[in-house]
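Chains A and B are the protein sequences, given in the same order. Counted the way this note's numbering counts, the first sequence spans residues 1 to 433. Counted the way this note's numbering counts, the second sequence spans residues 1 to 433. Where is the CB? At the ideal position from N, CA and C, for every residue including glycine. A short worksheet on the structure shown next.
2 protein chains.
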Amino acid sequence: MNVDIGNALASVSAPGVSRGSLEALDEQVAAAHERIETGRANREHGYEALNLPDRTDPETIRSAVEPIADADAIITVGIGGSALGAATITDALAGESETEAIYLDNVDPEWVSSRLERLPLERTAINVVSRSGTTAETLANFLVVRDAFESAGVDWTDRTIVTTGDSGPLRDLSDRHDLPSLKVPDGVPGRFSALSSVGLVAPAVCGHDLEALLEGAAAEADSLSGSLFECPAYAYGATTYALDARGAGINAMVPYSESLETSAEWFAQLWAESLGKDDLGQTPVRALGVTDQHSQLQLYRAGPRDKFVTFVTTRQRRDRSIPETDVEDLAYLGDATLGELLEAEFEATEASLAAAGRPNVRIELESVDEYELGGFLYGMEAACVLAGELYGVNTFEQPAVEWAKKATRGLLGGGAFEEAEAVAEKTELRIER
Amino acid sequence: MNVDIGNALASVSAPGVSRGSLEALDEQVAAAHERIETGRANREHGYEALNLPDRTDPETIRSAVEPIADADAIITVGIGGSALGAATITDALAGESETEAIYLDNVDPEWVSSRLERLPLERTAINVVSRSGTTAETLANFLVVRDAFESAGVDWTDRTIVTTGDSGPLRDLSDRHDLPSLKVPDGVPGRFSALSSVGLVAPAVCGHDLEALLEGAAAEADSLSGSLFECPAYAYGATTYALDARGAGINAMVPYSESLETSAEWFAQLWAESLGKDDLGQTPVRALGVTDQHSQLQLYRAGPRDKFVTFVTTRQRRDRSIPETDVEDLAYLGDATLGELLEAEFEATEASLAAAGRPNVRIELESVDEYELGGFLYGMEAACVLAGELYGVNTFEQPAVEWAKKATRGLLGGGAFEEAEAVAEKTELRIER
Numbered sequence: 001m002n003v004d005i006g007n008a009l010a011s012v013s014a015p016g017v018s019r020g021s022l023e024a025l026d027e028q029v030a031a032a033h034e035r036i037e038t039g040r041a042n043r044e045h046g047y048e049a050l051n052l053p054d055r056t057d058p059e060t061i062r063s064a065v066e067p068i069a070d071a072d073a074i075i076t077v078g079i080g081g082s083a084l085g086a087a088t089i090t091d092a093l094a095g096e097s098e099t100e101a102i103y104l105d106n107v108d109p110e111w112v113s114s115r116l117e118r119l120p121l122e123r124t125a126i127n128v129v130s131r132s133g134t135t136a137e138t139l140a141n142f143l144v145v146r147d148a149f150e151s152a153g154v155d156w157t158d159r160t161i162v163t164t165g166d167s168g169p170l171r172d173l174s175d176r177h178d179l180p181s182l183k184v185p186d187g188v189p190g191r192f193s194a195l196s197s198v199g200l201v202a203p204a205v206c207g208h209d210l211e212a213l214l215e216g217a218a219a220e221a222d223s224l225s226g227s228l229f230e231c232p233a234y235a236y237g238a239t240t241y242a243l244d245a246r247g248a249g250i251n252a253m254v255p256y257s258e259s260l261e262t263s264a265e266w267f268a269q270l271w272a273e274s275l276g277k278d279d280l281g282q283t284p285v286r287a288l289g290v291t292d293q294h295s296q297l298q299l300y301r302a303g304p305r306d307k308f309v310t311f312v313t314t315r316q317r318r319d320r321s322i323p324e325t326d327v328e329d330l331a332y333l334g335d336a337t338l339g340e341l342l343e344a345e346f347e348a349t350e351a352s353l354a355a356a357g358r359p360n361v362r363i364e365l366e367s368v369d370e371y372e373l374g375g376f377l378y379g380m381e382a383a384c385v386l387a388g389e390l391y392g393v394n395t396f397e398q399p400a401v402e403w404a405k406k407a408t409r410g411l412l413g414g415g416a417f418e419e420a421e422a423v424a425e426k427t428e429l430r431i432e433r
Numbered sequence: 001m002n003v004d005i006g007n008a009l010a011s012v013s014a015p016g017v018s019r020g021s022l023e024a025l026d027e028q029v030a031a032a033h034e035r036i037e038t039g040r041a042n043r044e045h046g047y048e049a050l051n052l053p054d055r056t057d058p059e060t061i062r063s064a065v066e067p068i069a070d071a072d073a074i075i076t077v078g079i080g081g082s083a084l085g086a087a088t089i090t091d092a093l094a095g096e097s098e099t100e101a102i103y104l105d106n107v108d109p110e111w112v113s114s115r116l117e118r119l120p121l122e123r124t125a126i127n128v129v130s131r132s133g134t135t136a137e138t139l140a141n142f143l144v145v146r147d148a149f150e151s152a153g154v155d156w157t158d159r160t161i162v163t164t165g166d167s168g169p170l171r172d173l174s175d176r177h178d179l180p181s182l183k184v185p186d187g188v189p190g191r192f193s194a195l196s197s198v199g200l201v202a203p204a205v206c207g208h209d210l211e212a213l214l215e216g217a218a219a220e221a222d223s224l225s226g227s228l229f230e231c232p233a234y235a236y237g238a239t240t241y242a243l244d245a246r247g248a249g250i251n252a253m254v255p256y257s258e259s260l261e262t263s264a265e266w267f268a269q270l271w272a273e274s275l276g277k278d279d280l281g282q283t284p285v286r287a288l289g290v291t292d293q294h295s296q297l298q299l300y301r302a303g304p305r306d307k308f309v310t311f312v313t314t315r316q317r318r319d320r321s322i323p324e325t326d327v328e329d330l331a332y333l334g335d336a337t338l339g340e341l342l343e344a345e346f347e348a349t350e351a352s353l354a355a356a357g358r359p360n361v362r363i364e365l366e367s368v369d370e371y372e373l374g375g376f377l378y379g380m381e382a383a384c385v386l387a388g389e390l391y392g393v394n395t396f397e398q399p400a401v402e403w404a405k406k407a408t409r410g411l412l413g414g415g416a417f418e419e420a421e422a423v424a425e426k427t428e429l430r431i432e433r
């Protein structure tokens, strides 16, 4: 991926970053890069994620999915980092596969039922993913899915692959039923695991090119260097950090491609869980070009100066002509393609923000394919790790989510937790109709 | 709808609003309510939207769609306010209809092609919506759709309904081909038009109960009063305004129902375009419970104190049991249903934010049905108009989006616009791999 931070310069936008400030920041980037390289070399927790392009073996994954490789649909039962990486890849490349990839990443009962009802279960595979093997939502959904297969007379043990840690209920289950299984790699937090077995099972079943994904990531890894002016990933991480430090803490991620819509969700988790701590962090906002020009652009251009926009663009796409029309006022459309309209709208929107002095950054992908996606996923992860070093936070932990997990378990009778008791003490000020 | 603002009180959260401040603010609410009622009585631009429950005639809409009422699928070609209201309703109620509702609200060529390819066009209806009849994305897509029907040998004039203003290319087209058509109501901006012909054509084709939608909205309208302590909609608008004034300008909308996911997009447009001006306004963030507990919660609970969460919950839903398991660590799940798990997760998440002193507001719907949806749509619109009065902005305009529209047109050769020339002058600072 390439990055253009020109519209984040103080000469264009307010807040903005001066070239002098960027040069000063580059010394911190050099130090952070040293730290990151040490972490990678020592395979420290979290930093190890940046070694995945070398460590992930696509052949192991393809062997594991071989028994289910002919499925018409693959249901991934997982949540958060156990679903978003795979979903980003299979949604981006959905047009290239005959196999449908579905994600059960919520426990809404009607929604779960409607997803299961419309699937031909005898032609559907199950991919259950949880490092601990105890994630409540994932295990509840897995119990429901397994039951649905049994009710339909389909042997779920023939159609299930497990991705989990070395021990725990899912590991036990996979041993007991001799299921194909993969191991969640050590030292890799869920939100950084897209390029491991966690993120690559569904893409493998869909027939996507795992080698190209990893090669694209490896090329991005090769570009990591001690200067933000030479490394797109670090340029992105450092610029967004600098914009936040100057008051623009909201990061609106706006891909100009429907196929990349899920990538904005993946990015939001990566950014929010990694950097959102100690009262610090950027707030990721998910949007979509061109659709959200008719929804969010007014705010981005004329609202509070507390935000910047990250555009993600692709240079190449399959295009489609706009048919000619005899309506004079619309004749200009008939000379163009949908792709040209999309491209013009992107350039116009980017320029409209700059003209209003609103900071924005452009991430450019050559196209939406495995190689470019691998580079994008790796690049954003490296950008996040760099930003975490600059913020001085513990990028690889997410302690604030534990409270609610304990309270949930307590509320459902899964043990005594003081957090569950606090739920009953809610302060109410109800206004009823 | 009912609203609970207890967790936004200063006794719970920081920032938070003291009861004394709320009482002082209530005097401004009373004055704003007077202004709103005057605007409604005089049918002023924008305020007229709050009269829709009385002015919309469901029978006119049902008659117009009668020729296409047996369609298996309805494609709405529209963008922004011309799509999001209808999409909110048909997505929320998708489980109740055999008819598939699809929205072409983007010009991504691969995505448009993939949507059209999988539809049985001879059983598909077209709903094209643009007040001016010149919206570039909508007209480009309509030309593409029309062409696809012609290529498939299907007479599009038998299967198209037009919703537009009194004049313009779409009105001319509808006259020329004698198409069924509806009029976009005067004085109602697109983002406030869900409860008019703009938002109700697709729900009508899907067989949803338009009367119940309007009745629910009318009941919410009846609850408008001069005090935030007596009106859920005003309680929501005033509380969010007060939280923003105290530093929490990010409004994360988190429905705990997959069927309401699109409603968060509709809300984001309503909030962003109406309030995002003059360097003011809240930044809406779209999220989803429980999924985003594993993505955004860390940030919401431990990141900067610049945000609050709006939960949307439903009391009733069709439930599904979680099958029992012999795994001891998971036995507590087998005693519950998916709905109970969802509910426990919501309560735990809400309490976890309060325990960390992070403001949040709860909007309660009885269930997801036409009546409750009508109330929710109307209530959020009234809340938005109230907030606009408190901010002192022009709620019903969106001037900042014009620049990019002109630049787009200029870039495509649709006329000479200085905005298009500015695009070429972009400041670049490229970092390439």
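- DSSP places Arg286(B) inside the beta strand (DSSP E), whose first and last residues are Thr283 to Arg286.
- Ranked by how close their Cα comes to the Cα of Arg118(B), the residues Gly95(B), Ala31(B) and Glu100(B) have Glu100(B) in first place.
- In this structure, Ala92(B) lies near Leu373(B), with their beta-carbon atoms less than 8 Å apart.
- The DSSP assignment places 109-117 and 136-151 as complete runs of the alpha helix (DSSP H) inside the segment 88-160 of chain B, in order along the chain (cut-off: 4 residues).
- Bridge pairing for Phe311(A): Val254(A) and Arg362(A) [DSSP].
- For Ile36(B), the enclosing alpha helix (DSSP H) stretches over residues Arg19 to Ala41.
- Pairing Ala212(B) with Tyr47(B) gives a Cβ-Cβ distance that is not under 8 Å.
- Shown here, Asn394(A) sits in coil according to DSSP, grouped into three states, outside any helix or strand.
- Interface with chain A (8 Å Cβ-Cβ cutoff): Pro180(B) is excluded.
- For Arg146(B), the number of other beta carbons within 10 angstroms of its own is at least 16, and it is reported as buried.
- Around the CB of Ala41(B), fewer than 16 other CB atoms lie within 10 Å, so the residue is classed as exposed.
- For Ser352(B), at least one C-beta of chain A is nearer than 8 Å to its own C-beta.
- Taking C-beta separations shorter than 6 Å and ignoring five residues to either side along the sequence, the partners of Leu411(B) in its chain run Ala420, following chain order.
- With contact defined as three or more Cβ pairs closer than 8 Å, the segment 310-326 of chain A and the segment 106-114 of chain B are in contact.
- Beyond the five residues adjoining it in sequence on each side, Ser227(A) comes within less than 7 Å, by CB distance, of Asp26, Val29 and Ala30 in the same chain, given in chain order.
- Here Asp278(A) has Val393 as same chain residues with Cβ atoms under 7 Å from its own Cβ, once five neighbours each way along the sequence are excluded.
- For Glu432(A), the nearest CB of chain B lies under 8 Å from its own CB, placing it at the interface with that chain.
- By the Cβ neighbour-count rule, Ala424(B) is exposed, with fewer than 16 other Cβ atoms within 10 Å of its own.
- In the DSSP annotation of this structure, Leu330(B) is not part of any beta strand (DSSP E), being labelled neither H nor E.
- One thing to note: Thr240(A) has its Cβ no nearer than 8 Å to the Cβ of Gln269(A).
- Burial state of Thr60(B) is exposed, judged by a 10 Å Cβ sphere holding fewer than 16 other Cβ atoms.
- Contact check for Tyr256(B) against Phe311(B) passes: the beta carbons are separated by less than 8 Å.
- Between Leu170(A) and Gly133(A) the beta-carbon gap is near 3 Å, inside 8 Å, which marks them as a contact.
- Our two residues, Leu297(A) and Val254(A), have alpha carbons roughly 11 Å apart in a direct line.
- By the Cβ neighbour-count rule, Ser196(B) is buried, with 16 or more other Cβ atoms within 10 Å of its own.
- In this structure, the CA atom of Thr313(A) is about 35 Å from the CA atom of Leu116(A).
- Secondary structure note for Ile322(A): it is in no alpha helix (DSSP H), with a DSSP letter that is neither H nor E.
- For the pair of segments examined, the segment 203-210 of chain A was found to touch the segment 68-75 of chain A: the number of CB pairs separated by less than 8 Å reaches three.
- Contact between the segment 122-129 of chain B and the segment 72-79 of chain B is present, with at least three C-beta pairs closer than 8 Å.
- Around the CB of Glu265(B), 16 or more other CB atoms lie within 10 Å, so the residue is classed as buried.
- Taken atom to atom, the span from the alpha-carbon of Glu261(A) to that of Thr38(B) is near 42 Å.
- Not a single C-beta of chain A is nearer than 8 Å to the C-beta of Cys384(B).
- A straight line joining the alpha-carbon of Val154(A) with that of Met380(A) spans about 40 Å.
- If only uninterrupted beta strand (DSSP E) runs of at least 3 residues are considered, those enclosed by the segment 191-279 of chain B are 250-255.
- Listed along the chain, the chain A residues whose CB falls inside 8 Å of the CB of Pro109(B) are Arg317, Arg318, Asp319, Arg320, Thr337, Leu338, Gly339 and Leu342.
- By the Cβ-count criterion, Asp244(B) is buried, with 16 or more other Cβ atoms from all chains shown falling within 10 Å of its own Cβ.
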